[in-house]
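Colleague:
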Amino acid sequence: MSTQSRRYRSQDWFDNPDHIDMTALYLERFMNYGITPEELRSGRPIIGIAQSGSDISPCNRIHLELAKRVRDGIRDAGGIAMEFPLHPIFENCRRPTAAIDRNLAYMGLVEILHGYPIDAVVLTTGCDKTTPSQLMAAATVDIPAIVLSGGPMLDGWLDGELVGSGSAIWKGRKQLAAGKIDNEKFLEIAAASAPSAGHCNTMGTASTMNAIAEALGMSLTGCSAIPAPYRERGQMAYETGKRIVEMAKLDIRPSQVLNRDAFLDAIVVNAAIGGSTNAQQHIVAMARHAGVELKSSDWMEYGHKVPLLLNMQPSGKFLGERFHRAGGVPAVMWELEQQGKLRSNRFTVTGKTMAENLAGRETNDREVIYPFNAPLKEDAGFFVLKGNLFDFAIMKTSVISPEFHQRYLSAPGQENIFESRAIVFDGSGDYHDRINDPALNIDENCILVIRGAGPIGWPGSAEVVNMQPPDALIKRGINWLPTLGDGRQSGTSDSPSILNASPESAVGGGLAYIRTGDTVRVDLNEGSCNMLISDEELAKRKAEGIPPVPASQTPWQQLYRATVGQMETGACMELALEYRGVGQTLARH
Ligand code: FES
Ligand code: MG
1 MSTQSRRYRS
11 QDWFDNPDHI
21 DMTALYLERF
31 MNYGITPEEL
41 RSGRPIIGIA
51 QSGSDISPCN
61 RIHLELAKRV
71 RDGIRDAGGI
81 AMEFPLHPIF
91 ENCRRPTAAI
101 DRNLAYMGLV
111 EILHGYPIDA
121 VVLTTGCDKT
131 TPSQLMAAAT
141 VDIPAIVLSG
151 GPMLDGWLDG
161 ELVGSGSAIW
171 KGRKQLAAGK
181 IDNEKFLEIA
191 AASAPSAGHC
201 NTMGTASTMN
211 AIAEALGMSL
221 TGCSAIPAPY
231 RERGQMAYET
241 GKRIVEMAKL
251 DIRPSQVLNR
261 DAFLDAIVVN
271 AAIGGSTNAQ
281 QHIVAMARHA
291 GVELKSSDWM
301 EYGHKVPLLL
311 NMQPSGKFLG
321 ERFHRAGGVP
331 AVMWELEQQG
341 KLRSNRFTVT
351 GKTMAENLAG
361 RETNDREVIY
371 PFNAPLKEDA
381 GFFVLKGNLF
391 DFAIMKTSVI
401 SPEFHQRYLS
411 APGQENIFES
421 RAIVFDGSGD
431 YHDRINDPAL
441 NIDENCILVI
451 RGAGPIGWPG
461 SAEVVNMQPP
471 DALIKRGINW
481 LPTLGDGRQS
491 GTSDSPSILN
501 ASPESAVGGG
511 LAYIRTGDTV
521 RVDLNEGSCN
531 MLISDEELAK
541 RKAEGIPPVP
551 ASQTPWQQLY
561 RATVGQMETG
571 ACMELALEYR
581 GVGQTLARH
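At position 317 of the sequence shown the residue is numbered 317 (full-length UniProt numbering), and the sequence of numbers has no breaks.
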């Protein structure tokens with residue numbers, strides 16, 4: 001069967017008369033699992049399946065099954081599948097934090113795609129960083145690539161109520177602190193929130209990043225929201241396998257899809273779905289690896305005014321199954337498209353424009369996806385702040401509750417401005433040790449500050465900024481306080497924290513010099529956040545130096561610290577940005 005339209009890079013390995021000795025060596029070992037030299041030399045594209053699932057990546061484990069349907073699709077379309085493992089990333093379990101693995105998995109995939117006879121690749125995504133790491137690598141290598149999401153778990157239920165991934169944990173730990181539930185009940189809630197295979201069923205970082213992949217145009221239409229156990233998921237895997245072969249034949253590469261318009265649309269979609277604050281660094285990182293410049297001001301300029309359209313936890317009520325039935329990402333994008341809010345005349349992996357992909361995708365469930373002109377909330381995009389504590393931090397405004405607004409943002413003459421007394425913690429150990437210390441005298445006029453939680457300080461940047469108040473306050477009904485930090489917070493958290501602060505304390509950002517008892521002034525009118533101390537006092541504190549950070553515990557931690565940038569610019573491995581398009585250069589023998 002000859003469907004060949006061009007010479008593939010794999011032929012440099014398998015069909016290279018100038019290096020017949022090497023070709024013999026390359027070919028022979030693939031035979032030991034039954035593949036024949038004729039297949040490998042038939043001029044068909046070799047399609048990699050980047051396998052992110054394993055026993056220690058439970059959120060992505062469904063891909064071990066889905067890969068079978070991907071292979072069926074690849075074969076039927078005339079390709080040859082070669083599945084290989086990725087470095088695992090499991091958000092909830094990896095210590096010191098899964099964030100440190102995004103760049104490691106990225107680097108590993110770049111090496112595989114560059115150094116092996118692979119012509120195109122299916123990226124199997126799911127848990128938070130498994131999506132951006134693979135898209136960053138695909139952008140770097142720039143061979144044909146398509147995303148297959150694993151899909152969220154089924155909706156969780158307990159006592160007649162929806163219980164969502166992560167969100168249930170944040171709620172449960174407050175109930176535990178308040179003495180309303182015991183440990184057993186807490187574990188029961190956690191188990192109920194995870195009823196099946198799949199990734200988090202809330203609009204946490206996993207659902208967000210898969211939605212973003214689809215919004216960028218890197219997956220088939222409707223791919224991201226299909227729950228992992230649904231029959232449509234296997235069908236999508238089959239169609240994705242078929243499509244990547246066509247993409248290989250036509251040489252459709254990430255560089256044709258991942259342009260500035262696509263990333264601006266990603267910012268818009270992220271706001272409309274109430275996406276995770278982690279999307280900030282991942283979107284920036286993917287853009288930079290694709291050679292696209294995103295400015296920090298783009299978040300305000302293109303994202304902030306976008307309304308919240310999706311009623312899904314943590315910003316809203318529902319979970320993944322209902323979102324999928326309501327039409328998923330294309331139905332949200334359809335709303336935005338009708339209002340001219342997208343740059344949809346752009347190419348996608350379907351071979352069509354985004355506008356063509358979205359045709360006829362209006363939702364039929366207005367409880368889940370709201371009309372643009374009557375949204376769930378106005379101005380839902382990230383709010384960008386700066387001041388003497390940091391040059392850049394974001395706040396997720398879609399989760400600001402009416403109570404938060406009432407308590408902090410509505411004083412007459414001081415609308416959208418509040419001042420709080422800082423309680424400063426050096427890392428999460430310090431927070432846990434001291435949060436219930438009565439000597440700190442924490443009340444509702446305090447802001448909880450955490451530092452040493454950024455990419456270099458932690459290392460990796462930790463999801464610790466959504467700190468809960470002391471138990472005594474929770475017992476009095478004060479369930480949250482304003483928080484601020486150079487770390488991240490879980491995408492499933494509903495805290496309106498000020499986070500991703502860059503530069504971080506560990507590299508001498510302003511957070512290094514704040515002290516407990518300082519007043520912090522947050523002004524959402526002008527987008528500022530400052531500690532109110534004199535220049536002399538600041539100079540004195542700078543002379544005292546920055547708080548120490550823990551030593552690296554592994555070689556990768558040291559290498560990561562030596563190569564990583566700040567969260568404002570995506571926490572990229574900076575030196576990697578020089579290597580875009582390396583799949584077009586064949587690896588040396
Ligand atoms: Fe893996 Fe949420 S912990 S998807
Ligand atoms: Mg997370």
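Note that CB positions come from ideal geometry on N, CA and C, so glycine has one too.
1) Between which two residues does the alpha helix (DSSP H) holding T483 run?
2) Beta-carbon distances below 5 Å to any heavy atom of ligand 1 define the shell here; list its residues in chain order, please.
3) With contact counted as at least three CB pairs below 8 Å, one residue from each stretch, are the segment 360-368 and the segment 316-327 in contact?
4) Suppose only complete runs of 3+ residues qualify. What are the beta strand (DSSP E) ranges in the segment 441-502, listed by chain order?
5) Across which residues does DSSP place C529 in a beta bridge pair?
6) Is the CB-CB distance between E232 and V329 below 8 Å?
7) Output needed for P144: all residues of its chain with C-beta closer than 6 Å, excluding positions within five of it in sequence on either side, in chain order.
8) For T516 versus V424, is the C-beta distance shorter than 8 Å?
9) Quick check on A50: does DSSP put it in helix, strand or coil?
10) Have a look at V122 and G150 and give me their C-alpha separation to the nearest angstrom.
11) Does P550 pass the burial test, meaning 16 or more other C-beta atoms within 10 Å, or should it be called exposed?
12) Confirm, please, whether the CB-CB distance from I100 to Q557 is below 8 Å.
13) Should L342 go down as buried or exposed, given a rule of 16 or more other Cβ atoms within 10 Å for buried?
14) Is I112 helix, strand or coil when you go by DSSP?
15) Can you tell which of R541, G381, Q313 has the C-alpha that lies nearest to the C-alpha of S297?
16) Thinking C-alpha only, which one of C446, Q468, P555 is nearest T519?
17) Would you mind giving the Cβ-Cβ distance between A571 and T97, rounded to the nearest angstrom? I have them listed as a contact below 8 Å.
18) Assuming K396 and P307 make a contact with CB atoms under 8 Å, what is their CB distance in whole Å?
19) Between Y238, S552, Y116, which has its C-alpha nearest T23's C-alpha?
20) Between which two residues does the beta strand (DSSP E) containing S149 stretch?
21) Is the CB-CB distance between P548 and R451 below 8 Å?
22) Going by the DSSP bridge assignment, what does M312 pair with across the sheet?
23) Hey, does E301 have any beta-carbon neighbour from chain D nearer than 8 Å?
24) Here's a check: name, in chain order, each residue in its chain whose Cβ is nearer than 7 Å to the Cβ of A228, leaving out the five neighbours to either side.
25) Between the segment 100-109 and the segment 539-546, do at least 3 Cβ pairs fall closer than 8 Å?
26) Rounded to whole angstroms, what is the Cα-Cα separation between P45 and G53?
27) What would DSSP say about I423, mapped onto helix, strand or coil?
28) List the residues that DSSP assigns as beta-bridge partners of E83.
29) Nearest-angstrom Cα distance between C127 and A50?
30) Measure how close the beta-carbons of S505 and L511 come, nearest whole angstrom, since I'm counting them as under 8 Å.
31) So for L385, helix, strand or coil by DSSP?
32) Classify C93 as buried or exposed, calling it buried when 16 or more other Cβ atoms lie within 10 Å of its own Cβ.
33) Apply the 10 Å Cβ neighbour rule to N32 and answer buried if 16 or more other Cβ atoms are within range, or exposed otherwise.
34) Less than 6 Å between C-beta atoms, sequence neighbours within five positions excluded: which residues of the same chain meet that for P455?
35) With which residues is G303 paired in a DSSP beta bridge?
Modeller: Checking against the coordinates, here is how it stands:
1) T483 -> not in any alpha helix (DSSP H); beta strand (DSSP E) instead, spanning 483-485.
2) C59, E91, N92, C127, H199, C200, A206
3) Taking 8 Å as the limit for Cβ pairs, the verdict is that the segment 316-327 does touch the segment 360-368.
4) 446-451, 483-485, 498-502
5) V522
6) If you check the CB distance, E232 and V329 do not come in under 8 Å.
7) The beta carbon of P144 lies closer than 6 Å to those of A120, M247, A248, I252, R253 in the same chain, with the five residues before and after it left out.
8) yes
9) strand
10) Separation of V122 and G150 (C-alpha to C-alpha, rounded to the nearest whole angstrom) is 12 Å.
11) Classification of P550: exposed, given that the 10 Å Cβ count is below 16.
12) yes
13) With 16 or more other Cβ atoms within 10 Å, it is buried.
14) helix
15) S297 has its Cα closest to that of G381, out of R541, G381, Q313.
16) C446
17) That belief does not hold up - the Cβ atoms of A571 and T97 are roughly 11 Å apart, past 8 Å.
18) Wrong, their Cβ atoms sit about 14 Å apart, outside the cutoff.
19) Y116
20) 145-149
21) no
22) F318
23) Of the protein chains in the structure, only one exists, and it is not chain D.
24) I62, G150, G151, P152, M153, S196, A197, G198
25) As far as the Cβ criterion goes, the segment 100-109 does not touch the segment 539-546, which means the pair count is below three.
26) 24 Å
27) strand
28) I49
29) 14 Å
30) At roughly 4 Å, the Cβ-Cβ gap stays under 8 Å, so S505 and L511 are in contact.
31) strand
32) exposed
33) exposed
34) S461, V564, A571
35) Paired residues: none, contrary to the question.
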